[in-house]
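Chains as they are written, first to last, in the working numbering: chain R, 1053 to 1552; chain B, 1053 to 1552; chain Y, 1053 to 1552; chain P, 1053 to 1552.
Note that CB positions come from ideal geometry on N, CA and C, so glycine has one too.
Quick caveat: nothing in here was measured; it's all calculated off a predicted structure.
There are 4 protein chains.
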Amino acid sequence: MPFIDELTDKLHEECGVFGIYSYDSEIDIANASVFGLYALQHRGQESCGIYVSDRGVPVGVKRVGLVHEVFTKEALEILGTGQMAVGHVRYGTTGCNTSRNAQPMHVNHAKGSLVVAHNGNLTNAGELRDQFEMDGCIFHSTNDTEVIAYAITRQRIKSSTIEEAVCKAVDSLVGAYSLVMMSSTKMICCRDPLGFRPLVIGKIGEHGENVPPHAYVVCSETCALDSVGATFVRDVLPGEIVVIDKDGLRSIPHNVDKGRPKHMCIFEYIYFARPDSFMDGNSVHISRENAGKMLAMRYPVQADVVIGIPDSGMDAAVGYAKQSGIPYAIGMIKNRYIARTFIQPNQSDRTNGVRIKLNPVKHVVNGKRVIFVDDSIVRGTTVSRIVKILREAGATEVHAMSAAPPFRYPCYFGTDVDTRENLIANQHETYADIARAIGADSVGYLAVEDLPMLVRPKQGICHACFTGDYNVPIPEEPLLKSKFENKLPFDENQLRLEEK
Amino acid sequence: MPFIDELTDKLHEECGVFGIYSYDSEIDIANASVFGLYALQHRGQESCGIYVSDRGVPVGVKRVGLVHEVFTKEALEILGTGQMAVGHVRYGTTGCNTSRNAQPMHVNHAKGSLVVAHNGNLTNAGELRDQFEMDGCIFHSTNDTEVIAYAITRQRIKSSTIEEAVCKAVDSLVGAYSLVMMSSTKMICCRDPLGFRPLVIGKIGEHGENVPPHAYVVCSETCALDSVGATFVRDVLPGEIVVIDKDGLRSIPHNVDKGRPKHMCIFEYIYFARPDSFMDGNSVHISRENAGKMLAMRYPVQADVVIGIPDSGMDAAVGYAKQSGIPYAIGMIKNRYIARTFIQPNQSDRTNGVRIKLNPVKHVVNGKRVIFVDDSIVRGTTVSRIVKILREAGATEVHAMSAAPPFRYPCYFGTDVDTRENLIANQHETYADIARAIGADSVGYLAVEDLPMLVRPKQGICHACFTGDYNVPIPEEPLLKSKFENKLPFDENQLRLEEK
Amino acid sequence: MPFIDELTDKLHEECGVFGIYSYDSEIDIANASVFGLYALQHRGQESCGIYVSDRGVPVGVKRVGLVHEVFTKEALEILGTGQMAVGHVRYGTTGCNTSRNAQPMHVNHAKGSLVVAHNGNLTNAGELRDQFEMDGCIFHSTNDTEVIAYAITRQRIKSSTIEEAVCKAVDSLVGAYSLVMMSSTKMICCRDPLGFRPLVIGKIGEHGENVPPHAYVVCSETCALDSVGATFVRDVLPGEIVVIDKDGLRSIPHNVDKGRPKHMCIFEYIYFARPDSFMDGNSVHISRENAGKMLAMRYPVQADVVIGIPDSGMDAAVGYAKQSGIPYAIGMIKNRYIARTFIQPNQSDRTNGVRIKLNPVKHVVNGKRVIFVDDSIVRGTTVSRIVKILREAGATEVHAMSAAPPFRYPCYFGTDVDTRENLIANQHETYADIARAIGADSVGYLAVEDLPMLVRPKQGICHACFTGDYNVPIPEEPLLKSKFENKLPFDENQLRLEEK
Amino acid sequence: MPFIDELTDKLHEECGVFGIYSYDSEIDIANASVFGLYALQHRGQESCGIYVSDRGVPVGVKRVGLVHEVFTKEALEILGTGQMAVGHVRYGTTGCNTSRNAQPMHVNHAKGSLVVAHNGNLTNAGELRDQFEMDGCIFHSTNDTEVIAYAITRQRIKSSTIEEAVCKAVDSLVGAYSLVMMSSTKMICCRDPLGFRPLVIGKIGEHGENVPPHAYVVCSETCALDSVGATFVRDVLPGEIVVIDKDGLRSIPHNVDKGRPKHMCIFEYIYFARPDSFMDGNSVHISRENAGKMLAMRYPVQADVVIGIPDSGMDAAVGYAKQSGIPYAIGMIKNRYIARTFIQPNQSDRTNGVRIKLNPVKHVVNGKRVIFVDDSIVRGTTVSRIVKILREAGATEVHAMSAAPPFRYPCYFGTDVDTRENLIANQHETYADIARAIGADSVGYLAVEDLPMLVRPKQGICHACFTGDYNVPIPEEPLLKSKFENKLPFDENQLRLEEK
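Here it is in structure tokens:
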């Protein structure tokens, strides 16, 4: 039972990716990859892995666990040194959180080896898998990374270069994918044509024009660049394939179509990404602050104090306070000692008021009309609990503000939204009903039409989980994932053992 | 190497204590103790332990590790059930972080057994130890908890009750001590006559007058009461001895002198305690906000933004912003995945700008005059690094504010202040010199004379680390601790093994 | 560094397999599999694994470690219950001892899933792998079990039953293989046409004619039948395919040719198998005793005492003593606390006489002419050391007897013989030279022509490692294994992490 | 649940001790101590520990676990280097197997520190403990080592040297004790006046007369000398105190009385010690062989084969065979993969014939009249099981021989004999009754009057467990141990946690 989310009902991103290609033997790329993944840990806490390639030979360590648990001194000794490395952090959805699904995936094929780290979700993975299986392919895992590995390998046989194979392969993939991969000699990175998930390029050091820097870094968020002392170069473009090898970095604008609108997941801004990251030119923190300001304009409330729910509601709360003029305060404290697994509180009737993860600052809310801002409302259980806690601490009014619009639809691009029936926004007709359901005096949600204000200058975004506008073909129900799960319901659960 | 403090030079509190005495067999006291300690984890991350007493037989689990690491399902099975439990979290100073020193301490003596959990530090422990050793006593540990256990045991032989023995024993103790103890049938809690360290009483449920509640809880901070669903009753008074047994709770006002000023450690308010706790009637959060307001009055600076250094500088930053009218913003992000041990970044010249624990929100500080507020400045290494990071992120001016006065003196009451020479305040004559040394445009410290404003209504506080006014006899140099360390420099290092 | 073999230079078998199909829900098949593997532990100490199939869904636990280390209570909870289970113990050759190569292997294909446990070695694995890769197949591991899984899967698509697919697939396999496999509904077991490796059938309980027993068990050795309370039914025939499903057990005599001589590995009798097992009708213990008798006849030596080197030299020593009339004694003691990994003795000049694994009983050998019998001599390092130890203990003469002929050739069928140059028999021309090299007064080896005496009634045996007569096509040099290793020298070394 | 003894009902020795004092900095004393303890592992498998003293500062590692589990590379790094070291292996009796009771014990007192490793059992520990507690002493553990530490410490205050204190202290101790201790500068070893438990002196290297060797080693058995390359010097005499310091080794014949008979525990010869050890001039192996010969003379049986029960029945079986002329054979195989903890076989009615630890060699016993020799018969459960197994394997007659006399009385000197009622010899009047009870055709026990034949030249032995002749005052019932257990029934069970 993952304690980390015990009292929350947050959405889960599935992955963060990291790659480094070094031209400078002084740079310890295994060590750098560890700190890169540590900066991306918020994107996946279930398992993590790193492969280091030394003259074509990839050596890897991957396991269920947090980055600091998996990458001990011994693990670094195993990884050793090399020219390039690829890393991955992963959030496993229920029933699939196994070592078998840990990434990066390393496979061998007719022309060498391939290491793949993937962030996203294909909408045609099941279809491709069926097709490959009919040709006699066998699958060791349940994730679509293995589908991608097959798609590339099968093209590789018929292609003269790995780039060519990747170009052909991605044309068969539908959905969201930000990939960082290694062949024997090259690092290949790409982003799907709609740019659902972020992917940025950075560099360490500088050697002057036409000479590569000390190293290139490609990763999900800019905060990982900062963690290794790299400077931001640019975002990988939607549809672009970037190849890094001994001769430097070059771009293959394979599916880049500058006219086509992007579909960057708006929830990356609202919740997934770290506030110190910027994506496609936008500061995550500023986006969140703007969400708070929009909320204040749409839902002006008479109140004494605005508080944020740590951690991802803080930025929007500051924005709400600024816009409304109502004082901002720190009114809710989160226990910082996060554990992936922990015993459950064994609540008797006598002790059922336990406040383990979140506790109010009584003096801040007592006798006050309180507005609290959280990043989003999913099933409504967390928000109900917060309302109750605030009232017990003496708040005279409690107003709940969600920095995201109401969730109504499943996501097919790598976010684990709850089933439709469990989403509170699908259970009530009006916001007033929701407010009643969660016990608040009022409730406000960021308006879908305000979403574009979060990314400036204006860019295409994906807001399908709020609107149902997917813009790409999606699988018929039952979902892709369920299909896999029927095949492989529960497998190779080494993780629990390893966690001991 | 404790990664948790890798980039910080914070002071360390040594302990948190927790006790529960239950009258209701439905309350799982082992489970409750775990969540109580989890709420107190910020007071000690080195080792932790719980003893559960079932009809006089104490069973315990204690080990090096965080609460969630030590108290697995198996550990809870060992603890089993009982009527009362005592728990402890501990921060070990260098060279002493051994299982041998983990608490609570359980000993057997002529009249039964005694379990002791101690927060504080005796100033005459060395003297008592010498005296006991001359009578043939042997010591297994280097901590003063064993001295306290002997002091009580030796009185116990001559006393008819444990209360009587404790009363006699505490009269021989000098210094800071907040104790939660168990004899075979009673829980005994006490606080030194000057009240250096906090200790609060709570209760779970209510049965009406003259009947005990479902359980009593005694612990270091009110946040631990919240974590188990207990309501606050009152602080244990300085000099008071509280006895809880089958008949309920009764107070022995042994050394209580209402006229004598308290000496509550002011750094409990500034840094140690959780902001959602309140002590001796004061909200920790409000104290910190007040510290920020005082700073804004003493050091008005022309600036564009006020930011706080997470986590303990946030409250004071909000206070500074409120008082000054300069906008508050979230300008610095801390990696939330805290690890007690972790590999070190292996920095080459190429990657030495790594920002692993703290990273700025570039868009918040770029092109701005920035004031940042941290809880305190010890050696100055962290603060220098923050100044550098902010300038690199584009801050045009950087002003450093410390929510504590300058540290200049050692603490003898349980806080691990660095050696006098390492304290930056002892290395420079003026604040301008310090500002230059850390690279800031200016530096401000909370004034010693403003400290009383932090605790309202006015109460006695201990500010010896800033002023050298100890108010009680302190050991001659070399310090007590060094003396122990000469005797037992490094011992029984099971911890490293256990941490694997 | 595997301490277990620190002072020995033994050959290694690579695997033991175990399968159980139960008709009785009272039989805990996961538990039984654990004890079956525990009985087979001598066949592989590197990694082990079990898959339990419950109504078609296989759930598995596999890891680097000994059986008692991997199969904790938690692991058994994960395995749960089911109708059939397959288990495996494995000895990893250097550089390949990774979790990635742990067995059984579980894969998914177009028509369901397949779990494979394999003992043996294909001589055409490289060829098959190349062929499959050219069709776009990807390989996750370096072992030939994955090749077998592909061979079966690719036939499965075109076949109406799994039996049919297995029949077609095994026709493409060359070399040694004893397989225990599970499809969704059936257990399929087979042995290569030459019967290199053993495989036996047993049953638990009895229901009368034409009704299945409570369970069928198929495993490498009869000692594993004993460990689960099963009675021996018969050996699987070379070339036979055995199918066990809800209707009972049936035989497909696919490649069974009663006229063709078997090629059972003679070293199974001499060293690999447990003395309490019997194979193809022969008692391993009796075979070893016979080897000792043959030695006594070929190499009659005047001596005072015959001792055996524990554990696998004991049986032959008893045989030698019986035949020669020289008293048998227990003259060498082995430390029973076997560890897979352990620190190395840090020998200074002063302490280089350390006797950690083997120590002589001084009173037995002092002043005596000693004959010692060991199972075999590989590089000669162990035997040299034993000679030295016996002389230091006072033996006046030392005669070394090997219960196996001299090793001269590599094995392609699953035994890890050292490289040709390291084999002491390839370094000297005469036995007298070898005796001099190891410091013995004389040396004797079982004669190749006496090998048939070990298996009675007379049966075909494989003695290629002594004679170079392989009887099947073998790969050109460099060996198959080296070829794989060039591709995947060292990978995914989770094992070291997990062993902590 | 300790699997190691799952199917056996053996007696348990409680300890092995090891000490090394080096004059040669090239000798790695921590490493040597590990291998010394590894050789003594058979004397205790519950917990182990080593303290290394470097210029007076003892550093230790001790934990529940086998030697190879506790002493990893990291543990050796903690131990570091030094001049002397003391080690201990311990078998914990039920309810006391806690880290808290692990040895050596390290305490600090008025004049320095003391490290104590103890093998044996005091009969007046309870009395001494009461007396010390009445003076205000506190006890952390339940073992009598802490009592010894107090006894010495209390004398140390009044004595000018540690030797003087030890001399005075041992005069207050009654019972069995073989001690290896370290003060800041000296190693002090002693053996109780009756010599219940063994203790031997060895040396590494030689420097010529009047100059110390490279190192002295003092330990429980000579096999530990062999394991570190030391040569045997002599036994420590009963009542002798041996001091080793920078000036060499000197003897204090404090309680040595050459006329007084020794009381060496005869069960050391029969079961506890390793057969390659010799004690007080006697080879353990020869003693056991002699026991077998005595049995053959007392109980001549018409039979076809003599087999030994591994491991400790093997030597006596060889003796029985030699004396009787009946052929010796290897008829019973023991699984070599010993685990301290393991899951239990989950036996249904269908699988209750499981043979996990011991399995017969069917071809050896089938159709034969079998004599089997085991080291002893305690409760009779193991021997009954063996009889059953042999009959199932086809033995036509089964005769059970015990190399020890019948157990009838408790041991107060460090051996954990079962309660009187559980001993099979106390449940039946005649050997014929016992034979019937265990299902054997006949049963034979070594005669008490033959015991002296095991130690040659003739020496005093302790045979109280067979005869009830204790020769020293013993505690009134209830036993000492039970008394402790009432006080401290179950405590600080870190072991289970650490074992994970």
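> From the beta carbon of P:F1394, is the nearest beta carbon of chain B less than 7 Å away?
Replying inline: no
> Which of the residues in the region 1188-1202 of chain R, read from start to end, lie with their CB under 7 Å from any CB of chain Y?
Replying inline: G1188, C1189, I1190, F1191, H1192, A1201 and Y1202
>> I want to verify the contact list: residues of chain Y whose CB lies under 7 Å from the CB of P:L1128, in sequence order.
In response: I1395
>> Would Y:Y1380 and Y:A1391 be called neighbours here (beta carbons separated by less than 7 Å)?
In response: no
>> Helix, strand or coil, according to DSSP, for P:P1379 in the structure here?
In response: coil
> With distances taken from CA atoms, which of B:A1228, B:C1100 and B:Q1375 is nearest B:V1524?
Replying inline: B:A1228
> Which residues in the same chain have their Cβ closer than 8 Å to the Cβ of Y:G1112, if we skip the five residues on either side of it in sequence?
Replying inline: G1101, I1102, Y1103, V1104, L1131, P1156, H1158 and V1167
> What residues of chain P sit near Y:Q1093, judged by a beta carbon separation below 9 Å?
Replying inline: N1387, R1388 and Y1389
> If we ignore side chains and look at the alpha-carbon of each, how far apart do P:R1407 and Y:D1278 end up?
Replying inline: 6 Å
>> Quick check: is the beta carbon of R:F1536 nearer than 7 Å to any beta carbon in chain Y?
In response: With a pLDDT of 35 at R:F1536, under the threshold of 50, the predicted position of this residue should be treated as unreliable, though the coordinate-derived value follows. By this cut-off, R:F1536 is not an interface position.
> Among Y:R1488, Y:L1180 and Y:E1078, which has the Cα closest to the Cα of Y:V1199?
Replying inline: Y:L1180
> Are the C-beta of P:N1545 and some C-beta of chain Y separated by less than 7 Å?
Replying inline: Since pLDDT at P:N1545 reaches only 29, below the 50 mark, its modelled position is unreliable, and no value is offered.
>> Suppose you measure from the CA of P:F1070 to the CA of P:D1244; what does that come to, to the nearest Å?
In response: 17 Å
> Do we get a CB-CB distance below 7 Å when we pair B:E1078 with the residues of chain R?
Replying inline: yes
>> With a threshold of 8 Å, are at least 3 pairs of Cβ atoms found where one atom belongs to the region 1071-1087 of chain P and the other to the region 1262-1270 of chain P?
In response: yes
> So what does Y:M1136 bridge to, in DSSP terms?
Replying inline: Y:Y1073 and Y:S1105
>> Can you check which of these residues, P:S1364, P:I1385 and P:M1346, is closest to P:G1554 by C-alpha distance?
In response: Past the edges of chain P, shown from 1053 to 1552, lies residue 1554 of chain P, and the structure says nothing about it.
> Unbroken alpha helix (DSSP H) runs of length 4 or more, entirely within the region 1248-1326 of chain Y: which are they?
Replying inline: 1274-1279
>> What does the alpha-carbon distance come out to for the pair Y:H1553 and Y:V1232?
In response: For chain Y, the structure presents residues 1053 to 1552; residue 1553 of chain Y sits outside this window and is missing.
> Does Y:H1140 come within less than 7 Å of chain P when only Cβ atoms are used?
Replying inline: no
> Does the beta-carbon distance from P:H1515 to P:L1506 come in below 7 Å?
Replying inline: no
> DSSP beta-bridge partners for R:G1068?
Replying inline: R:V1141
> Based on the DSSP output, what are the partners of B:S1235 in its beta bridges?
Replying inline: Paired residues: none, contrary to the question.
> Is DSSP giving P:F1424 helix, strand or coil here?
Replying inline: strand
> Can you give the beta carbon distance from P:M1453 to P:V1422, rounded, assuming they're within the 8 Å contact cut?
Replying inline: With a Cβ gap of about 11 Å, P:M1453 and P:V1422 do not count as contacting.
>> So that I know if they touch, is there some Cβ in chain R lying closer than 7 Å to that of B:N1149?
In response: At B:N1149 the pLDDT is 44, less than 50, meaning the model places this residue with poor confidence; the figure from the coordinates comes in the next sentence. False, the Cβ-Cβ gap to chain R never drops below 7 Å.
> Using 7 Å as the limit for Cβ to Cβ distance, is Y:V1357 near chain P?
Replying inline: no
>> According to DSSP, is Y:L1128 part of a helix, a strand, or is it coil?
In response: helix
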